[in-house]
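Asker:
Residue numbers (the numbering used here): 2 to 454.
1) At which residue ranges does the region 344 to 371 contain complete beta strand (DSSP E) runs of 3 or more residues, listed in the order of the chain?
2) Would residue 49 be called buried (16 or more neighbouring beta carbons within 10 Å of its own) or exposed?
3) Quick one: residues in its chain with C-beta nearer than 8 Å to the C-beta of residue 204, no 5 flanking neighbours on either side, listed in chain order?
4) Starting from the C-beta of residue 60, find all residues in its chain whose C-beta is less than 7 Å away, skip the five residues before and the five after it, and write them out in chain order.
5) At a cut of 8 Å, does the region 185 to 195 reach the region 145 to 163 through at least three beta carbon pairs?
6) Answer with buried or exposed for residue 385, where buried requires no fewer than 16 other C-beta atoms within 10 angstroms of its C-beta.
7) The alpha helix (DSSP H) with residue 381 in it runs from where to where?
8) Under a Cβ-count criterion, where at least 16 other Cβ atoms within 10 Å of its own Cβ denotes burial, should residue 25 be classed as buried or exposed?
9) Which same chain residues end up closer than 8 Å to residue 177 when comparing Cβ atoms and leaving out the 5 residues on each side of it in sequence?
10) Please state whether DSSP places residue 324 in a helix, a strand or coil.
11) So what does DSSP say about residue 229, is it helix, strand or coil?
12) If I measure Cβ to Cβ from residue 343 and keep anything under 7 Å in the same chain, skipping five residues before and after, which residues do I get?
13) Please report the distance separating the alpha-carbon of residue 450 from that of residue 171.
14) Distance check for residue 156 and residue 42, CA to CA, integer angstroms please.
15) Whether or not the region 266 to 281 and the region 392 to 409 are in contact is what I'm after, with contact meaning three or more pairs of Cβ atoms, one per stretch, closer than 8 Å; do they touch?
16) Find the nearest neighbour of residue 179 within the set 138, 191, 237 and 223, judged by alpha-carbon distance.
17) By DSSP's criteria, residue 81 is part of a beta bridge. Which residues make up the other side?
18) Indicate whether the contact test is met: 3 or more Cβ pairs, each with one atom in the region 291 to 304 and one in the region 406 to 424, closer than 8 Å.
19) DSSP three-state call for residue 112: helix, strand or coil?
20) I need the boundaries of the beta strand (DSSP E) containing residue 93, first residue and last residue.
21) Near residue 92, which residues of its chain fall below 6 Å by C-beta distance, leaving aside the five closest residues on each side in sequence?
22) With distances taken Cα to Cα, identify the nearest neighbour of residue 367 among 144, 290 and 212.
23) Please state if the CB of residue 360 and the CB of residue 421 are separated by a distance shorter than 8 Å.
24) Specify the secondary structure class of residue 401 as computed by DSSP and reduced to three states.
25) For residue 252, report the span of its beta strand (DSSP E) as first-last.
26) Near residue 150, which residues of its chain fall below 7 Å by C-beta distance, leaving aside the five closest residues on each side in sequence?
27) Using the Cβ count rule (16 or more neighbours within 10 Å means buried), how would you classify residue 340?
28) To the nearest angstrom, how far is the alpha carbon of residue 441 from that of residue 283?
29) Please classify residue 375: is it buried, with 16 or more other beta-carbons within 10 angstroms of its beta-carbon, or exposed?
30) Exposed or buried, what is residue 88 when buried is set at 16 or more other beta-carbons lying within 10 Å of its beta-carbon?
31) Let me know the secondary structure DSSP gives residue 453 once reduced to three states.
Quick look at the structure:
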């Protein structure tokens with residue numbers, strides 16, 4: 002444990018300092034355009050054609066230039082991106098936030114006016130500069146002048162969605178959210194996992210208590226809590242029962258597993274040996290992800306003269322110095338037929354290429370909220386070997402091979418490689434129907450949207 006983990010008060014102050022430096026600077030109230038003040042009072046639509054287009058059809062209408070029938074006033078769907086606008090670290094959760102938000106911004110929607118928002122000092126502001134950047138669009142000068150990062154104004158019928166992982170921001174904003182609820186604003190929060198509580202050995206000691214406090218706060222201010230799998234929803238229900246806490250409505254939806262339509266791009270400097278099977282692992286280098294057990298299994302197979310290449314695609318997480326040191330050593334010591342490759346920074350097109358090269362996907366994690374690579378692999382015809390944990394049983398395809406514990410991992414990999422050899426080097430995956438959890442990002446966004454109606 003590092004010194005910062007032993008000093009939670011210092012860690013909290015450093016986190017707040019970093020967040021306050023990173024948060025975008027909104028406009029001050031004195032700089033607001035007069036029209037925005039009228040909008041707060043549900044005034045008639047403005048005379049400006051572009052502004053009318055924005056308020057009747059959202060960002061999509063402005064970008065496409067399509068003609069929109071007057072539909073005013075529309076309910077606002079306020080999407081919290083407080084963490085993403087501060088630190089875009091390309092984590093798994095941030096990838097979900099980007100994809101869901103993009104689907105909502107691009108969708109023709111006559112019911113909701115979608116607006117990303119961020120918290121600053123207990124208040125929420127529109128994240129319009131962020132929205133235009135996310136969409137890759139540059140608004141006209143008149144729109145930039147009018148549609149800036151103002152303080153959020155709400156009315157009865159609006160909804161707030163806590164899509165981002167924003168625990169400290171939510172603590173500061175709780176009084177405001179309670180006030181919004183009294184004004185008739187519905188609140189919905191997304192819970193991705195309970196891992197600091199279900200696998201506390203892999204997290205600093207205070208993380209479990211921080212998550213517990215956050216979940217109890219959600220019960221106070223949330224009308225609905227939507228989890229990313231039925232497994233997480235069941236764990237959350239059990240938590241509220243143990244705490245004797247009245248639970249908000251609990252539901253779940255599934256994440257999209259379709260990568261962007263990109264051409265696979267071969268990774269520079271990588272030449273794979275013909276005839277040597279490739280086992281792929283995808284995910285942040287994290288103690289709970291099972292990388293140490295995978296490396297143990299790989300070296301055991303090599304000692305038995307089993308030829309295979311293990312490829313890891315994942316960024317460096319925290320508290321993983323020993324794993325990183327071992328991975329670097331194995332990468333340097335690799336030889337013909339016994340090779341280890343680690344890609345710490347891989348683009349989506351590079352990941353698509355690795356899925357094409359893989360003979361098996363290995364999902365060795367001890368805990369997940371969902372397990373996106375399992376479904377990404379199946380969508381591309383890559384067979385899956387996964388640890389036997391509840392969430393993988395829920396979301397994985399019916400053809401998945403499971404292993405029970407670390408001691409059984411090497412024999413399980415060898416068994417899978419034999420399946421492939423028996424198929425004469427082809428991927429050993431029989432035809433099957435897609436699992437229920439295999440949805441597109443458009444379907445995922447629609448599932449979550451339905452919770453708000």
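In this text, a Cβ means the ideal position worked out from N, Cα and C, and glycines have one as well.
Answerer: Here's the rundown:
1) 361 to 364
2) Reading the chain shown from its first residue, position 48 is the one you call residue 49. Counting Cβ neighbours within 10 Å, residue 49 comes out exposed, since fewer than 16 surround it.
3) Within the chain shown, the letter at position 203 stands for residue 204. Around residue 204: 196 and 197.
4) Mapped onto the chain shown, residue 60 falls at position 59. So the qualifying residues of the chain are 106, 132 and 136.
5) The region 185 to 195 makes contact with the region 145 to 163, as at least three CB pairs between them are under 8 Å.
6) Here residue 385 refers to the residue found at position 384 when the chain shown is read from its first residue. With 16 or more other Cβ atoms within 10 Å, it is buried.
7) Within the chain shown, numbered from 1, the residue matching residue 381 stands at position 380. Residue 381 -> no alpha helix (DSSP H), and no H or E assigned at all.
8) For the purposes of this step, residue 25 is taken as the residue at position 24 of the chain shown. So residue 25 counts as exposed.
9) Walking along the chain shown from the start, residue 177 turns up at place 176. 123, 124 and 125, listed in sequence order.
10) Here the question's residue 324 lines up with position 323 in the chain shown. Reduced to three states, the DSSP call for residue 324 is helix.
11) Along the chain shown, one-based indexing puts residue 229 at 228. Coil.
12) Taking the chain shown and counting its residues from 1, one reaches residue 343 at position 342. Excluding sequence neighbours, residue 343 sits near 313, 328 and 332.
13) Here residue 450 corresponds to residue number 449 of the chain shown, with the count starting at 1. Here residue 171 corresponds to residue number 170 of the chain shown, with the count starting at 1. Each residue's Cα considered, the two are about 21 Å apart.
14) In the chain shown, residue 42 corresponds to position 41, counting from 1. In the chain shown, residue 156 corresponds to position 155, counting from 1. Caution is warranted here: a pLDDT of 49 is assigned to residue 42, below 50, making its placement in the model unreliable, and the coordinate value is therefore given only provisionally. Computed Cα separation, rounded: 9 Å.
15) no
16) Here residue 179 refers to the residue found at position 178 when the chain shown is read from its first residue. Residue 179 has its Cα closest to that of 223, out of 138, 191, 237 and 223.
17) Here residue 81 is taken as the residue at index 80 of the chain shown, counted from 1. The partner list for residue 81 (beta bridge, DSSP) reads 118.
18) yes
19) Here residue 112 refers to the residue found at position 111 of the chain shown. DSSP places residue 112 in coil when its eight states are reduced to three.
20) Taking the first residue of the chain shown as position 1, residue 93 is located at position 92. No beta strand (DSSP E) contains residue 93, which is instead part of the alpha helix (DSSP H) from 93 to 107.
21) Taking the first residue of the chain shown as 1, we reach residue 92 at position 91. Correct list: empty, nothing qualifies.
22) Along the chain shown, read from residue 1 onward, the residue named residue 367 stands at position 366. When each option's Cα is compared against that of residue 367, the closest is 290.
23) Numbered from 1 along the chain shown, position 420 holds the residue referred to as residue 421. Numbered from 1 along the chain shown, position 359 holds the residue referred to as residue 360. Yes. Within cutoff.
24) What you label residue 401 is simply residue 400 of the chain shown in a count that begins at 1. Three-state DSSP puts residue 401 in coil, outside helix and strand.
25) By 1-based counting over the chain shown, the position of residue 252 is 251. 250 to 253 is the extent of the beta strand (DSSP E) around residue 252.
26) The residue you call residue 150 lines up with position 149 of the chain shown. Around residue 150: 25, 27, 28, 126, 127, 128, 129 and 130.
27) In the chain shown, residue 340 corresponds to position 339, counting from 1. Classification for residue 340: buried.
28) Here residue 441 is taken as the residue at index 440 of the chain shown, counted from 1. Here residue 283 is taken as the residue at index 282 of the chain shown, counted from 1. Spanning the two alpha carbons is a distance of roughly 19 Å.
29) Residue mapping note: residue 375 aligns to position 374 of the chain shown, counting from 1. The residue in question, residue 375, is buried, as its Cβ has 16 or more Cβ neighbours within 10 Å.
30) Taking the first residue of the chain shown as position 1, residue 88 is located at position 87. It is exposed - the Cβ of residue 88 has fewer than 16 other Cβ atoms within 10 Å.
31) Residue numbering aside, residue 453 sits at position 452 when the chain shown is read from its first letter. Three-state result, residue 453: coil.
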